[in-house]
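Asks: Pasting in a structure now, in structure tokens, and then I'll have a few things to ask.
Number of protein chains: 2
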Amino acid sequence: MKNKFDYFMPVHVCFEADASKRIGRFITGKNVLIISDPFLYQNGTAERIGQSLKEQDVRYFYHIEPNPSCESVDAAAKEARLIKADCIIGLGGGSALDVAKITACLTTNEGSIYDYYAGGERTLKSRETMLICVPTTAGTGSEVTNVAVFTNQKAGVKMPMVSRSFWADVAIVDYKLTFTLPPAVTASTGMDAFCHAIEAYWNRESVDICDMPAMDAMKLIKENIELAYKEPENETARVNIMKASLFAGIAFSQTRTTGIHAISFPLTSEFHASHGAACAVTLPAFIKKSKEEAEEKMQILADYLGCESVDDLSETIEKLMTAINLPTRLHQLGVKASDLEHITEVGLNAAIIRLTPATMNKDTVCELLESIL
Amino acid sequence: MKNKFDYFMPVHVCFEADASKRIGRFITGKNVLIISDPFLYQNGTAERIGQSLKEQDVRYFYHIEPNPSCESVDAAAKEARLIKADCIIGLGGGSALDVAKITACLTTNEGSIYDYYAGGERTLKSRETMLICVPTTAGTGSEVTNVAVFTNQKAGVKMPMVSRSFWADVAIVDYKLTFTLPPAVTASTGMDAFCHAIEAYWNRESVDICDMPAMDAMKLIKENIELAYKEPENETARVNIMKASLFAGIAFSQTRTTGIHAISFPLTSEFHASHGAACAVTLPAFIKKSKEEAEEKMQILADYLGCESVDDLSETIEKLMTAINLPTRLHQLGVKASDLEHITEVGLNAAIIRLTPATMNKDTVCELLESIL
């Protein structure tokens with residue numbers, strides 16, 4: 593147990609079936625912009641939410657790509673300013689929620705995202721526009737973090753941005769929205785949530801109060817992900833995975849992530865893996881590696897998850913990934929031996945890699961990647 | 593597992609040894625009023641904190657009785673308005689923290705507490721004065737709740753007040769402040785925290801995400817309270833009990849309490865038991881009673897705490913209370929058989945009693961009290 597930690601997570605979480613159909617009760621403003629993934633506009637989900645808001649004028653923005661660019665952010669901000677939005681609703685996976693977070697700030701902060709991010713020298717003033725996040729994957733946990741990740745297309749780099757204004761006012765966690773997720777997305781986002789939980793748990797700056805929710809999240813995912821993958825409308829499985837994603841999100845919102853996420857950045861931006869697959873692919877190897885500095889704590893986790901040892905946990909997770917058709921080797925993502933040095937370099941550039949409970953340098957990271965090539 | 597819950601706990605928690613000596617980093621204002629228990633002013637604790645605030649003008653208010661009265665609140669508010677306080681620091685057990693919470697509101701809300709509480713018809717406007725809570729017992733959990741309890745001396749009634757403005761901006765949780773607690777206070781406040789945890793856990797409106805911190809809190813208290821009682825400066829014991837109190841506070845901040853607290857109100861206001869003793873005395877009986885509707889969940893708890901059954905847990909807790917010299921029978925508090933009906937009536941008036949996982953009416957409550965007379 594640690595004798596020092598901070599905890600701050602001011603988002604009002606509302607976890608409820610069909611809560612997304614009753615968002616109006618939380619909104620005080622008049623002009624709402626719903627920022628969603630394109631697919632959620634096309635299939636009518638965004639409009640169903642918009643139509644439930646009887647007291648508001650609602651507009652939609654859905655020009656968002658996976659790993660959203662700064663250009664998409666600026667386009668969303670332009671729309672928000674145009675309609676004088678006093679409430680932004682983010683609806684989707686991490687991309688839409690992240691764009692919603694910064695757009696809610698830019699409504700009353702002039703200029704481009706580039707003024708505040710990636711070398712920009714201005715500082716965001718407190719957000720005045722209400723921000724509501726509605727996740728549709730179980731997954732990113734973005735609804736309960738103060739982080740957003742954008743891709744700077746000019747530099748070709750994916751980088752996180754952190755702001756006190758990125759804590760949403762309300763997170764509407766409606767597991768029924770995940771019933772229509774394609775199995776591949778259920779698999780990759782679910783394992784992303786597993787990574788959040790384990791990276792919060794073994795983090796060098798772990799926060800005591802988050803260890804148990806993180807353990808619970810991992811247990812729920814281990815026991816339910818295969819069922820959610822095979823039976824998309826299994827309510828119990830969906831409730832449990834959504835809960836796990838939420839708990840994992842709260843946990844890593846306090847600690848940040850570690851090597852798994854650091855290495856995932858080049859795998860998504862250069863090899864175009866989905867975020868979840870890019871994280872999960874190194875998970876079993878990092879579990880083994882975590883013994884280096886966190887063996888005792890990891891054994892407690894292994895016991896809790898019904899595994900005999902940390903190595904057994906690593907193998908169990910690898911089997912689980914195979915069962916839900918996630919890649920377990922880097923070559924499945926198109927990575928070649930000659931790429932490993934570059935991936936290592938980019939990964940080591942991410943500050944979070946130093947929160948991994950093991951020595952992380954060129955040699956050790958390359959060796960880890962070679963073991964799963 | 594439940595499929596519906598809300599979670600909102602916006603306090604920034606800073607858990608750290610000697611954090612109370614470095615509060616200045618959190619304060620933006622200029623005029624600070626430190627509201628403390630009389631003893632903490634007399635022994636220099638309040639002044640040590642005040643002297644650490646180099647940038648602020650600091651005044652002190654310490655005319656607070658246990659179960660603080662509305663009159664004390666109005667006196668504190670008068671002082672806060674006089675010095676145009678822009679930051680209130682509450683320092684002490686629940687009484688001082690509760691007075692600090694309402695005083696921070698009354699600084700910019702005119703009139704008396706009676707205008708807003710106990711039949712008063714005005715509604716508090718948002719708090720503008722910064723509020724920092726520094727608990728000196730491990731204990732009340734008041735630093736992470738939006739509840740304050742006051743005694744209306746006009747009516748002779750102790751009643752809780754709830755407000756969104758009662759969430760502190762910062763909770764400074766410095767376990768070193770508990771090193772000097774008298775053993776009797778360690779015992780009663782520690783078991784108060786145990787009651788918070790178990791009442792959150794078995795609550796009819798329990799919140800999933802708080803179950804594990806609540807379980808953890810109970811485990812930490814069960815394993816450390818005797819040591820903290822016998823060795824007041826045992827750092828490990830103090831860290832663990834302080835952590836338990838915090839976790840329990842966060843848990844019950846989401847659920848409210850149940851029958852134990854409902855019955856404690858007449859035991860403190862009419863029989864002058866300490867709050868912790870008044871709660872703990874019915875704890876073993878309520879544990880047995882909880883089987884009525886929560887047997888399965890309580891068996892999980894019993895397992896987690898290393899007990900064979902729920903009844904075994906009840907007996908274990910009763911033995912623990914005896915070991916730290918807490919009363920386990922009502923007659924030890926001066927209660928007679930002829931008082932039980934009245935205590936039952938007052939307890940049944942508290943709305944929270946209906947959150948107990950068992951039928952609570954005149955017959956069942958009287959029977960429970962008779963069993964521990």
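Listed in order, the protein sequences are those of chains A and B. Count along the first sequence from 1, add 592, and you get the number used in my numbering. Count along the second sequence from 1, add 592, and you get the number used in my numbering. By construction, the Cβ of each residue, glycine as well, lies at the ideal position given by its N, Cα and C atoms.
If we define contact as Cβ-Cβ less than 7 Å, is Y599 of chain B a contact residue for chain A?
Replies: Cβ-Cβ to chain A under 7 Å: yes for Y599 of chain B.
Asks: Under 8 Å Cβ to Cβ from S845 of chain B, same chain only, skipping five residues before and after it: list those, please.
Replies: Here the set comprises M601, G733, V736, T737, N738 and V739.
Asks: Which same chain residues, not among the five before or five after T743 of chain B, have their C-beta less than 6 Å away from its C-beta?
Replies: Hits under 6 Å: N659, S661 and K750.
Asks: List the whole-angstrom C-beta distance separating I833 of chain B from A730 of chain B, where the pair is believed to meet the contact cut-off of C-beta under 8 Å.
Replies: 5 Å
Asks: Quick one, are the C-beta atoms of R830 of chain A and A820 of chain A less than 7 Å apart?
Replies: yes
Asks: Tell me, please, whether the stretch 807 to 821 of chain A touches the stretch 597 to 615 of chain A by the rule of three or more beta-carbon pairs shorter than 8 Å.
Replies: no
Asks: Excluding the 5 residues flanking W759 of chain B on each side, which residues of the same chain have their C-beta closer than 6 Å to its C-beta?
Replies: Counting only Cβ-Cβ distances below 6 Å, and skipping sequence neighbours, we find P602, V603 and N738.
Asks: Note down, one range per segment and in chain order, each alpha helix (DSSP H) of at least 4 residues found wholly within the stretch 840 to 924 of chain B.
Replies: 851 to 861, 867 to 872, 875 to 896 and 902 to 915
Asks: Taking I852 of chain A as the reference, which of A:I892, A:I935, A:D803 and A:R756 has the closest Cα?
Replies: A:I935
Asks: For L674 of chain A, name the three-state secondary structure that DSSP assigns.
Replies: DSSP places L674 of chain A in helix when its eight states are reduced to three.
Asks: Mind checking A943 of chain B: buried by the 16 CB within 10 Å criterion, or exposed?
Replies: exposed
Asks: Is the number of C-beta pairs between the stretch 712 to 720 of chain B and the stretch 640 to 655 of chain B that are closer than 8 Å three or more?
Replies: no
Asks: Under a CB-based cut-off of 7 Å, is C606 of chain A close to chain B?
Replies: yes
Asks: Let me confirm a value: A929 of chain B is counted as buried when at least 16 other C-beta atoms fall within 10 Å, else exposed. Which label applies?
Replies: exposed
Asks: Beta carbons nearer than 8 Å to chain B: which residues of the stretch 777 to 805 of chain A have them?
Replies: D800, I801, M804 and P805
Asks: For A894 of chain B, which residues of its own chain have a beta-carbon under 8 Å away from its beta-carbon, when the five flanking residues on both sides are left out?
Replies: E900, S901, V902, D904 and L905
Asks: Spatial neighbours of I842 of chain A within its chain, please: C-beta separation below 7 Å, excluding the five flanking residues on both sides.
Replies: M601, V736, C802 and P805
Asks: Can you name the residues that DSSP bridges to L683 of chain B?
Replies: B:S628 and B:V726
Asks: Can you find a C-beta in chain A that's less than 7 Å from the C-beta of V762 of chain B?
Replies: Answer no: the Cβ-Cβ gap between V762 of chain B and chain A never drops below 7 Å.
Asks: Should A747 of chain B be labelled buried (16 or more other beta-carbon atoms within 10 Å of its own) or exposed?
Replies: exposed
Asks: Any beta-carbon of chain A closer than 7 Å to the one on P602 of chain B?
Replies: yes
Asks: DSSP state of V736 of chain A, grouped into three classes?
Replies: helix
Asks: Would you say D629 of chain B reaches chain A, if we count a Cβ-Cβ gap shorter than 7 Å as a contact?
Replies: It does not: the Cβ of D629 of chain B has no partner Cβ on chain A nearer than 7 Å.
Asks: For P824 of chain A, name the three-state secondary structure that DSSP assigns.
Replies: Coil, per DSSP.
Asks: Along the beta strand (DSSP E) that carries F758 of chain B, what are the first and last residues, could you check?
Replies: Element bounds for F758 of chain B: n/a, residue is neither H nor E.
Asks: Roughly how many whole angstroms lie between the Cα atoms of P549 of chain A and F786 of chain A?
Replies: Lying outside 593 to 965, the shown extent of chain A, residue 549 of chain A is not represented and no answer is given.
Asks: So F839 of chain B contacts chain A; which residues on that side make the cut at Cβ distance below 8 Å?
Replies: I801
Asks: Applying a beta-carbon distance threshold of less than 9 Å, which residues of chain A neighbour K693 of chain B?
Replies: Per Cβ cutoff of 9 Å: no residues; K693 of chain B is ~17 Å from chain A at best.
Asks: Using a Cβ-Cβ cut-off of less than 7 Å, give me the residues of the stretch 892 to 903 of chain B that come near chain A, in sequence order.
Replies: none
Asks: Which same chain residues, not among the five before or five after A692 of chain A, have their C-beta less than 6 Å away from its C-beta?
Replies: I627, I680 and G682
Asks: Strictly by DSSP, which residues pair up with T743 of chain B?
Replies: B:S661 and B:K750
Asks: Following the continuous beta strand (DSSP E) through V605 of chain A, name the residue where it begins and the one where it ends.
Replies: Note, V605 of chain A: beta strand (DSSP E), F597 to F607.
Asks: Give a yes or no on whether the minimum CB-CB distance between K613 of chain A and chain B is below 7 Å.
Replies: Residue contact with chain B for K613 of chain A: absent (no Cβ-Cβ distance below 7 Å to any residue of chain B).
Asks: On the criterion of 16 or more Cβ atoms from any shown chain inside 10 Å, does N701 of chain A qualify as buried, or is it exposed?
Replies: With 16 or more other Cβ atoms from the protein chains shown falling within 10 Å of its own Cβ, N701 of chain A counts as buried.
Asks: Counting only the same chain and skipping the five closest in sequence on each side, list residues whose C-beta sits under 8 Å from that of I675 of chain A.
Replies: Excluding residues within five positions, the ones whose Cβ falls inside 8 Å are N623, L625, D649 and R651.
Asks: Mark T770 of chain A as exposed unless 16 or more other C-beta atoms lie within 10 angstroms of its C-beta, in which case mark it buried.
Replies: buried
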